[in-house]
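Residue 44 is where the sequence shown starts when you use the numbering used here, and the numbers rise one by one after that.
The beta-carbon is built from N, C-alpha and C at its ideal position, and this holds for glycine as well.
Just so it is clear, the structure is predicted and the values come from calculations on it, not from any experiment.
Report on the structure given below.
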Amino acid sequence: MTVTALLVSHDGARWLPAVLTGLIGQTHPVDRVVVVDTTSRDDSVDLVRAALGRAELEARSAVEVVPGSTSYPAAVRRGLDLAAGLPGSEGDADEWIWLLHDDSNPEPTALAALLAAAAEHPDAAILGPKLREWPSLRRLLEVGLTITGTGRRETGLERGEYDQGQHDAVREVLAVNTAGMLVRRRVLESLGGLDEELPIFGNDIDFGWRAALAGHRTLVVPQAVVFHAEAAHRGVRRTPLTGRHTHYQERRAALFTSLANVSTRGFAWQYVRLFVGSLLRVVGFLAVRSAGEALDELAAALSVHGRPGQLRAARRERARRRTGEPQQEAARRLLAPAWLPYRHGLDFVTDLASAATNQAADVAERRRLARAAAAEPARVPPGERRGSSASRGEDDEEAYLTDTGLVARFFTNPVAVVLVLFGVLALVAGREAFGTITGGALSPVPESAGDWWRLHVTTWHPLGTGTDVPAPAYVLPFAVAASVLLGHTGAVVSGLMLLAVPVAAWGAWRLLKVVGRLVDPLGLPRWLVVWGALSYALVPVTSGAWAEGRFGTVAVAALLPWAAHAALGFVDPDSDRRWRAAWRTALLLALGAAFVPGFWLFALLATAVVLGSAALIAPRLLRERDSWGPPVVAVAATPVLLAPWLLPLLTTGSASGLLLEAGRLTVDQVTFGGLVTGRLNDLGAPWWLGAVLGLLAFAALVPRRTRVPVLICWLVALAAAVVSGVLSHVRLDLPSVSTRPSLGLFVVILQGTAVVAVVLGADAYLRRLADHHPWWQRGFATVLAVVAAAVPVGGLGWWLTTPDNAMARDAEQAVPVYMQQSSLLGQEHGVLVLEGSVDDGIGYRIRRDDGTTVGEDEVLTLADEDTGLTDDVRALVSSPTPAVVAALGDRGVEYVVLGSPADGRVSALLDATAGLEQASAEDRSTRAWRVDRPLDPAAVDGSGAWWRTALLVVQAAALVVALVLAAPTVRQRREVRRDA
């Protein structure tokens, strides 16, 4: 019985001295040594030759350097060829090959223990040692190997398990690691060696599986110990075979091994299972923000499943060496239990939740320590002193709440009571939004979520006479929300209008707390934060946007504090958090711009101003990419996320849509006074509520302590006022109407900056009163507090009591019900609706399908006028002819309706026109006719550009990337280090 040690090395100089010492110092010495080096860039070869020369093994050893691209199986095969030429190898029928890596250090008794087990179990063909972690030396890595049904390498050990002799029984296993594997040479050669399709990872399990199917036994011998650094797996070094994609090679090896060796009966199921499982793993990696591993996972699945010929060849080769059904059943018993993958899945979910919880706790602890380090008892106002009956400090409050029940916690926390009460009253005040709502800027919702999905993905819309104007960007989030709500489209719009105020309050609360900590390490008093959150949350209501159904302005008002909160992450000292803040901001900017495109335009302007100012004031800050990169990425990624809407909007000549907002076109009544008081129309709250807020913001400039941040708020407000002032003089000549740009966004920004300024100024007043509090100052502060309280209290009270709004549950229908039902039969069953009179002018529109719904208003508003149809309508109401009626049929018009009150001169002409048959109308003052001419089913058909579909793919990919990069990091990335 002779033993040939076969060592493969690559850039292993940091481990080779210890490995060679362990190899040469074996109590049972090896007979021959073969070393194959794959072109190391360090002095590995010199170390090997020097060590073998000192041990007087030079005559019984061979060292050869092969190209760096040589795979591990090829290097082993070359080593076997070299061993065959060494002295004493001729005629040895019982030669053993001991495989070692350059980072696997055997204990002195390792080989002796392996050979003793071989003598005790003469039927064993492969033996392997117990692997322990190097350099820790005590942690277990492997005591035999197997593979699960999902292709996972399974060791049967707990993570980080220490070696306490608990796995020291010699037992049969499916496979052992090639780091220390002792294998009979005749078995290794009879099985064709290690598989070349597995160049670096997975060849050990594959070889053991093939050996088991061929009737050979594999034993793990725990008395033999080898310490393994796992340099390639851990990314400690890179090789030409792995590069930066270690996970790709490992997963590809797992998939190939499983599919190449599984039984014929289970192959089809395993093929589908592994592919679907790989897709789920991709989603899992994205969920933990490991985009690189997700891409490697997907690439590995495509590499294996996309090459069926390669799998067929591998399976034929394995089938040729199988001995029979008993061996297959024996190999099957050595595989991991079927339930094991599900336990691993449960462990993954548990780890994910634990990591997210620990991260949140870590953030909270960092903030608590920062507050504790910055707080000075002498500077804390009386109402905020620790242990004060007026207001407990946050640390004391947390300790206090831990000793009470949930109900007691709630009722002993006045802030929580006020916030919950505000939320309940907001829902009561917004009761008009329950159910189906229409009116003002709100059109009826479509029947199902599929209508919104079709509107989003199609490039040609059969609206009016057909148009390629893109659907508004908010259709996508509406479609997603409706799908989540099982197709209840009405609940999407109602939910937006109902929840916008509470969501805005929540976002403002979070924003003001962060702003307070940036301005003052002590933070803002809680009641100031409550006042600011509630005052801002009512802005979409008091401005009149809510009552008019302007869901675009309402949505942006809810999103603005969240976007500002995310943007504050740009100043975080941790660069990773700054980049996450960039992607969170980009997502929120894109969502806000989907409702009001000006949201992104204003963010672009603000970013340019801030970076330009920074370049002048502190140019050193912009020298690092981590400083200027996040805000640039945030504004640059937004157009990509909105690409299917933005680019077609520009190419179809509909760029005016960038200055409008979501919903049916309304007429802005914003004046200078409206901007100052935050009122969009006469449906808003009394003007004095806005005036009070403005006066308080002006008073916030007085305290010197917070004057700089308050001035910043005023500068932002000034920029918004200047932009809105310029836009107020712009006229947008749309195909159907001439209007001004939407200014709702700027009213929200002005009111929001005023709230922040008031809160900061009030904080300065309170800090000053903590040091000097004569009676007249306390009285003045009391008066200011009462005046300030009137803003949220008065706004909420007005909303609760006013019944005036433009939203109604049942909007009047100018089209009879039977015509509506007919229009659902196809696009050619359109209804031409005429409104107005000859004296005042007659307008027209074409109703198709279920009429104009939410998402279609903007398309029709921006669609070019069909001059041919306009000429036909003009002829129809002035001098109708059968040819004009036939033209209507060609355009897919089945009915003509003259809205109430019908002009008698027009109705008389239409009554006498050949081809028009009088039809019934539900309203006596409304007249209707049926077109008695053939209808063209393809009247509004059209074709869209292929690149619009490509933009949808780009958007989907960009959304996935942004969501992944914006997610918290809950998994440490593998760090790659280069050896010196």
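Check your understanding: Do D914 and V927 have their C-beta atoms within less than 7 Å of each other?
Key -> no
Check your understanding: The beta strand (DSSP E) spanning V268 covers which residue range?
Key -> 260 to 271
Practice item. Assign D211 to one of two classes, buried (16 or more other C-beta atoms within 10 Å of its C-beta) or exposed (fewer than that). Key: exposed
Check your understanding: Touching or not, the region 698 to 713 and the region 734 to 752, by the rule of three or more beta carbon pairs under 8 Å?
Key -> no
Review point. Which word fits D725, buried or exposed, when buried means at least 16 other C-beta atoms lie within 10 angstroms of its C-beta?
Key: exposed
Exercise for review: Specify the secondary structure class of A760 as computed by DSSP and reduced to three states.
Suggested key: helix
Check your understanding: Assuming L903 and G507 make a contact with CB atoms under 8 Å, what is their CB distance in whole Å?
Key -> 6 Å
Review point. Between L100 and V76, is the Cβ-Cβ spacing less than 7 Å?
Key: yes
**Study point:** Delimiting residues of the beta strand (DSSP E) encompassing L875
**Key:** 873 to 880
Review point. Do the region 317 to 327 and the region 292 to 307 make contact, defined as three or more Cβ pairs closer than 8 Å?
Key: yes
Practice item. Alpha carbon to alpha carbon, how far is F299 from V264? Give it in angstroms, no decimals. Key: 28 Å
Check your understanding: In three-state terms, what does DSSP make of S699?
Key -> helix
Check your understanding: Nearest CA to the CA of D946: which residue from W972, V91, G879, D984?
Key -> G879
Exercise for review: State the DSSP-derived secondary structure class of P172, mapped to helix, strand or coil.
Suggested key: strand
Review point. So is A433 buried or exposed if we call it buried at 16+ other beta carbons inside 10 Å?
Key: Unreliable positioning characterises A433 in this predicted model, as indicated by a pLDDT of 35, which lies under 50. The coordinate reading is nonetheless provided below. Label assigned to A433: exposed.
Check your understanding: Got a sec, what are the start and stop residues for the beta strand (DSSP E) Y887 sits in?
Key -> 884 to 890
Review point. Under 7 Å, do L702 and P778 count as touching if we go by C-beta distance?
Key: no
Review point. Considering L684, what are the terminal residues of the beta strand (DSSP E) in which it resides?
Key: Unbroken run through L684 is the alpha helix (DSSP H), 668 to 684; no beta strand (DSSP E).
Practice item. Give the DSSP-derived three-state secondary structure of W622 in the structure shown. Key: helix
Check your understanding: Which two residues bound the contiguous alpha helix (DSSP H) that contains N304?
Key -> 289 to 304
Check your understanding: So what's P149 in DSSP terms, helix, strand or just coil?
Key -> strand
Check your understanding: With respect to the beta strand (DSSP E) encompassing Y938, which residues constitute its N-terminal and C-terminal limits?
Key -> 936 to 941
Review point. If you draw a straight line from the alpha carbon of L953 to that of D933, how long is it in whole angstroms?
Key: 18 Å
**Study point:** C-alpha gap between L237 and A357, whole angstroms
**Key:** 12 Å
Exercise for review: Measure the C-alpha to C-alpha separation of R852 and W312 and round it to an integer number of angstroms.
Suggested key: Residue confidence is low: R852 scores 47 on pLDDT, short of 50, so the model does not pin down where it sits. No coordinate-derived value is stated.
Point to revise | With 16 other Cβ atoms within 10 Å as the buried cut-off, status of I660 | key: exposed
Point to revise | Cutoff 6 Å; reference A760; Cβ partners in own chain excluding five residues on either side | key: L793, T796
Review point. Under the rule that 16 or more other beta-carbon atoms within 10 Å means buried, what is R361, buried or exposed?
Key: buried
Point to revise | Delimiting residues of the alpha helix (DSSP H) encompassing D80 | key: First-last for D80: 75 to 80, but that is the beta strand (DSSP E), not the alpha helix (DSSP H).
Check your understanding: What are the partner residues of I140, as DSSP defines its beta bridges?
Key -> T47, V226
Practice item. Tell me where the alpha helix (DSSP H) around V927 begins and ends. Key: 925 to 933
Exercise for review: Let me know the secondary structure DSSP gives S114 once reduced to three states.
Suggested key: coil
**Study point:** R970 burial status per 10 Å Cβ neighbour count (16 or more: buried)
**Key:** buried
Point to revise | Per-residue DSSP class, three states only, for Q69 | key: coil
Point to revise | Selected residue, minimal CA-CA separation from P944, among S986, A492, I885 | key: I885
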